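Asker: Residue numbers (the numbering used here): -16 to 121.
Questions regarding the structure given below will be posed in turn.
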């Protein structure tokens, strides 16, 4: 059974039909639902900074889309991961000149240590280009 980590871009695209990746996010959701039915997914994982990004978008201004997000989180039994051990290092690296968002760097640090993540769903391939960090859905 797989552990699947989810990036904010996927969640935003999934619930915002004006997003450029909306259709792709819907296709991935269909696969996630199928994987869950076949008991191939153990857990969907979200780091807290990802939720900060999602909740700070126009998504929450639309009560219908926000409710859909909540329903999604409840239906998949999302596992929220404590990212506190990565925050200081991410902040220090950015302060030292690393050019990446704080959230994305926390995610990079988490993924680089977390051996049990089988998939990382993201549309941000610029900041997450490493093959070992995500597998493309076809």
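Beta carbons are placed, not taken as given, at the ideal position from N, Cα and C, and that holds for glycine.
As the structure is a computational prediction, the values presented were derived from the model and not from experiment.
When burial is assigned at 16 or more other CB atoms within 10 Å of the CB, is residue 103 buried or exposed?
Answerer: Buried, by the Cβ-count rule.
Asker: Would you please state the rounded distance, in angstroms, between the beta carbons of residue 61 and residue 29? I believe it to be under 8 Å.
Answerer: At roughly 6 Å, the Cβ-Cβ gap stays under 8 Å, so residue 61 and residue 29 are in contact.
Asker: Going by DSSP, what residues sit across from residue -13 in a beta bridge?
Answerer: Beta-bridge pairing links residue -13 to 27, 102.
Asker: What are the start and end residues of each continuous beta strand (DSSP E) run of 3 or more residues lying completely inside the segment 38 to 116, in chain order?
Answerer: With a minimum length of 3 residues, the continuous beta strand (DSSP E) runs that stay inside the segment 38 to 116 are 62 to 64, 102 to 104.
Asker: Can you tell me whether residue 108 is buried or exposed, with buried defined as 16 or more other CB within 10 angstroms of its CB?
Answerer: The residue is exposed, with fewer than 16 neighbouring Cβ atoms inside 10 Å.
Asker: Kindly indicate which three-state DSSP category residue 17 falls into: helix, strand or coil?
Answerer: Of the three classes helix, strand and coil, the one that applies to residue 17 here is helix, per DSSP.
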